[in-house]
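Protein chains: 2
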Amino acid sequence: MTTDLGAQDLTALLDSARQDYSELAGRGLKLDLTRGKPAPDQLDLSNELLTLPGEGVLKAADGTDTRNYGGLNGLPELRAIFAELLQVPVAQLLASGNSSLELMHDAFVQALLSPLPGAQSRWVDQGPIKFLAPVPGYDRHFSICERFGIEMIPVPMTETGPDMEVVTRLVAADASIKGIWAIPKYSNPTGVTYSDDTVRQLAEMPTAAPDFRIFWDNAYSVHHLTDERVEVADVLALATAAGHADRVFVFGSTSKITFAGAGVGFFGASEANVKWWLGNLSKRSIGPDKVNHLRHAAFLGSAEGVLAHMDKHRALIAPKFQATLRILSEQLDGTGLGTWTEPKGGYFITLEVPEGTASDIVARAAEIGVALTPAGAAHPLGQDPKDSIIRIAPTFPTLENLEAAVLALTTCVKLVGYEQRLKQQ
Amino acid sequence: MTTDLGAQDLTALLDSARQDYSELAGRGLKLDLTRGKPAPDQLDLSNELLTLPGEGVLKAADGTDTRNYGGLNGLPELRAIFAELLQVPVAQLLASGNSSLELMHDAFVQALLSPLPGAQSRWVDQGPIKFLAPVPGYDRHFSICERFGIEMIPVPMTETGPDMEVVTRLVAADASIKGIWAIPKYSNPTGVTYSDDTVRQLAEMPTAAPDFRIFWDNAYSVHHLTDERVEVADVLALATAAGHADRVFVFGSTSKITFAGAGVGFFGASEANVKWWLGNLSKRSIGPDKVNHLRHAAFLGSAEGVLAHMDKHRALIAPKFQATLRILSEQLDGTGLGTWTEPKGGYFITLEVPEGTASDIVARAAEIGVALTPAGAAHPLGQDPKDSIIRIAPTFPTLENLEAAVLALTTCVKLVGYEQRLKQQ
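Read top to bottom, the protein sequences are chains A and B. Numbering-wise, the first sequence is residues 1 to 425 according to my numbering. Numbering-wise, the second sequence is residues 426 to 850 according to my numbering.
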């Protein structure tokens, strides 16, 4: 550890970091580590979709003309594929438009404007309501709550999911807490997968609110980075067994399986929830884009087909994660300036830097042309109280650009870290 | 006119209708005139979409990779095509998912949950609000208001659009009236096109509500049935000129141009409205299905390309409208039992039958296997106070089935009409 270094040693390290930084500044970099976007070569894996469903192919397995109106539930054969992967009975899984974020947003809309199963009234009539926000978490989740004026209560993430001691205490005591965000597998941004015990507690815990919902965003259900296909417990089955069938809203999508902008989103839940959902949806839609469903069913084929396809993604992006981890290790091991996650799947690495330095690091990186997700983005309202979390999204850049960007990032970590340490002496 | 017939003549006519009816009942018909759906041969016109955008074709004109996230406004080249057809400046026209109904629903959602430009508060905080509903009108419009508990005030449709004397009086006096539904061209179900004077009044009229909106559902903008391509005045330009730029929400879609279930919806409005819309939308979506936009832009090519494509639709469906009108005329002329519209475009013919008979006619038709839109559907809450409006949707059945269905319908009109008249004697 270098934390015992004297002022002289620190000054030397800082000088070295400054030299590296000014050298990088001269290079005119333009690199981007901000968003969890697939790279073009990943999208290429699904280019068959550009000519599917194919000439004259227009009917679903049951004979439905996919081109016409109707079929609010989505194409049965596509739902069957993802029912298995998302752990929802096919009759209770709906296929919809091109985004699960839309479905999560609309779940709030419908709960705000129509009483949920189990609710005494719609949320908009219940006065201020709250949501639990495991942190670090996904900024777009938090933006939805913020947009509707829903107060978020941060809950620390642990190695096994949200701190369940905190969660169970809060939800038992406060009926205005209406739900919790959850990314159960390869979580954004920590990579954590919820333990069986965490899932069981979420499913079984008493809640003061009768209309409590777990927003189970299974965004990375098949997004493995290692040989281990990590599994997560079946929350819907556990909740149902515990008498809380209506507690769970399951979300998923093909955004990071096929095309990020032209995939299919899924919503799954209990029978009562699905009936409620369809009742509201029927006022909004005459049916989703079933041709795109047909296209996806033809391309992916089966749940096993999805997993085989995800192996191709892994072959492209695992080296990017490895390169990122290697550079972090080469540059920061032993400095005491950073620790980071080593995810087994998903799209992110979380870098934790000394308290009070994350914003400055992101700003310094921006000055030399390296865009990072704003520090704080992983926290409600963009406010990280420790200012110590930086999310790295390694997938989109080329390997070469990624390596340059991560190296620049570690240079900024050292620059800001040593500056801070010198000031503190 | 047969209204002067004596009891004996009436009885003979009724007997004849009864005989026809029981003969039809024996045929085991299974015919459907309910929904304004394109027929399979119409959908075939766009089958190129089943293999578009084509192998390796993935970039927008500006180089954007359509497969990835982003591009909340929709594909610029597709917006340019429809900007012309929907009379909205391209910068203010957004391309979205597969349905304009969704956009209309979501316009209510956003106005309920976020203050509109010009609004003092969001609609959900304004107490009971109302909407004007021109009748006969479109049932799915009315269902959206009903779903959100918004009271609808029926306004009679005339030959030139909604009765503007009623409209202007109501909106000037009542600040709780927040908007009006409008299908300006080839209206559902009457086929009426708003006169220039109607459009001008809608654009210019004083409204007590500062956040009044015209929901301008230009669903049939290019859906001509005759050589005359009927035009409607540019409501957005007129409203802007009158100092009411924010008054108009324009909606449109390709649902009845390409694939009914797999097309593209459009939203257009003033700059301030679009900014408000995108601000809310950015919390919901990372962008629409741009690959489908690319597919559509490649297929349709230009505004002129859309019009040429619509000529092909016309060639398929104009004969169905003509056959319907011919049978109505052959069977009902001179009976005094019905009058009907002769639309120059759109998807519907409205049949007006004697007061108090529409529901019974629809029920009798159902009994012999002919499905009609429920009587009353063209009115708020499904309640037609005169019980006299029947909507005929001629496009979906084959010509043969259509002719059988319309003949059966006219038999039911005679059966019920003569029964009523005999009772009234």
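Where is the CB? At the ideal position from N, CA and C, for every residue including glycine.
Along the beta strand (DSSP E) that carries residue i, what are the first and last residues, could you check?
| i | result |
| --- | --- |
| M457/A | Given that chain A is displayed from residue 1 to residue 425, the structure contains no residue 457/A and the question cannot be resolved. |
| T775/B | I774 to E777 |
| V838/B | Segment L824 to Q849 is the alpha helix (DSSP H) holding V838/B; no beta strand (DSSP E) there. |
| R213/A | R213 to D217 |
| G488/B | No beta strand (DSSP E) holds G488/B; DSSP gives it neither H nor E. |
| F816/B | In the sequence as presented, Phe is not what sits at residue 816/B; that position holds Arg. I814 to I817 is the span of the beta strand (DSSP E), which, as asked, contains R816/B. |
| K435/A | A query on residue 435/A cannot be resolved here, the shown segment of chain A reaching from 1 to 425 and no further. |
Do residue j and residue i come within 7 Å of each other at the CB atom, strictly closer than that value?
| i | j | result |
| --- | --- | --- |
| V513/B | L661/B | yes |
| S525/B | G690/B | yes |
| D387/A | A358/A | yes |
| D588/B | V596/B | no |
| E5/A | Y418/A | Strictly speaking, residue 5/A in this sequence is Leu, with Glu absent from that position. No, they are not a contact pair. |
| L325/A | G338/A | no |
| D246/A | G336/A | no |
| M104/A | F251/A | yes |
| D289/A | N523/B | yes |
| A133/A | M152/A | yes |
| T258/A | M205/A | no |
| R427/A | A378/A | The structure shown has nothing for residue 427/A, since chain A only spans 1 to 425. |
| V416/A | I361/A | yes |
| A173/A | A203/A | no |
| P421/B | L719/B | Nothing in the structure corresponds to residue 421/B, since chain B is present only between 426 and 850. |
Report, in whole angstroms, the separation of the C-beta atoms of residue i and residue j, which I expect to be a contact under 8 Å.
| i | j | result |
| --- | --- | --- |
| I177/A | I150/A | With a Cβ gap of about 10 Å, I177/A and I150/A do not count as contacting. |
| T160/A | Y194/A | 7 Å |
| T190/A | P136/A | 6 Å |
| L31/A | A393/A | About 12 Å; that fails the 8 Å criterion. |
| L510/B | V731/B | 6 Å |
| E228/A | K344/A | 6 Å |
| Y847/B | A536/B | Note that residue 847/B is Leu in the sequence shown here, rather than Tyr. 51 Å between Cβ atoms; not a contact. |
| H296/A | L78/A | 6 Å |
| H472/B | G56/A | Reading off the sequence, residue 472/B comes out as Asn, not His. With 8 Å as the limit, N472/B and G56/A qualify as a contact, their Cβ atoms being about 7 Å apart. |
Span of the alpha helix (DSSP H) holding residue i?
| i | result |
| --- | --- |
| P465/B | P465 to D469 |
| A107/A | S100 to L113 |
| L24/A | A7 to A25 |
| A208/A | Segment: none, A208/A is in no alpha helix (DSSP H) and carries neither H nor E. |
| A597/B | M589 to A598 |
| A508/B | P501 to L511 |
| L325/A | A303 to L332 |
| A133/A | Here A133/A belongs to no alpha helix (DSSP H); instead the beta strand (DSSP E) covers K130 to V135. |
Just tell me which of the options has its CA closest to the CA of residue i.
| i | options | result |
| --- | --- | --- |
| S285/A | I578/B, A687/B, L706/B and G693/B | A687/B |
| F640/B | T615/B, R625/B and F692/B | F692/B |
| P744/B | N472/B, F556/B and T820/B | T820/B |
| T254/A | I389/A, L45/A, Y21/A and V166/A | L45/A |
| G794/B | P478/B, K769/B and V831/B | V831/B |
| Q454/A | K423/A, T411/A, P397/A and P385/A | Residue 454/A is absent from the model: chain A starts at 1 and stops at 425. |
| A239/A | Q19/A, L409/A and T207/A | T207/A |
| G771/B | D785/B, H738/B and E780/B | H738/B |
| A505/B | A723/B, E755/B and I786/B | A723/B |
| G604/B | V617/B, P635/B, T623/B and Y563/B | P635/B |
| R140/A | H293/A, A219/A, F212/A and L202/A | A219/A |
| E571/B | S282/A, F82/A and G334/A | S282/A |
| T198/A | V232/A, L225/A, S121/A and E84/A | V232/A |
| R380/B | L50/A, L78/A and E55/A | Any question about residue 380/B goes unanswered here, given that chain B covers just 426 to 850. |
| K275/A | H293/A, A83/A and F249/A | F249/A |
| H223/A | W123/A, I317/A and F212/A | I317/A |
| Q756/B | C837/B, G807/B and L725/B | C837/B |
| D736/B | K681/B, E780/B and A788/B | K681/B |
| V617/B | F507/B, I774/B, P779/B and Y446/B | I774/B |
| Q126/A | F212/A, E355/A, Q424/A and A303/A | F212/A |
| D531/B | P609/B, P810/B and N705/B | N705/B |
| P184/A | V230/A, L225/A and A408/A | V230/A |
Are the C-beta of residue i and some C-beta of chain D separated by less than 7 Å?
| i | result |
| --- | --- |
| Y69/A | Absent here is chain D; the protein component of the structure consists of chains A and B. |
Discussion item. Any contact between the segment 472-486 of chain B and the segment 826-844 of chain B? By contact I mean 3 or more CB pairs, one from each, below 8 Å.
Written reply: These segments do not touch.
Worksheet entry | Cβ contact (3+ pairs, closer than 8 Å) linking the segment 449-468 of chain B and the segment 29-44 of chain A | Segments in contact, no.
Worksheet item: Below 8 Å, can you find three or more Cβ-Cβ pairs linking the segment 495-504 of chain B to the segment 68-77 of chain A?
Response: Between the segment 495-504 of chain B and the segment 68-77 of chain A there are fewer than three inter-stretch CB-CB distances shorter than 8 Å, so the stretches are not counted as touching.
Worksheet item: Does the pairing of the segment 80-95 of chain A with the segment 267-274 of chain A give three or more beta-carbon distances under 8 Å?
Response: These segments touch.
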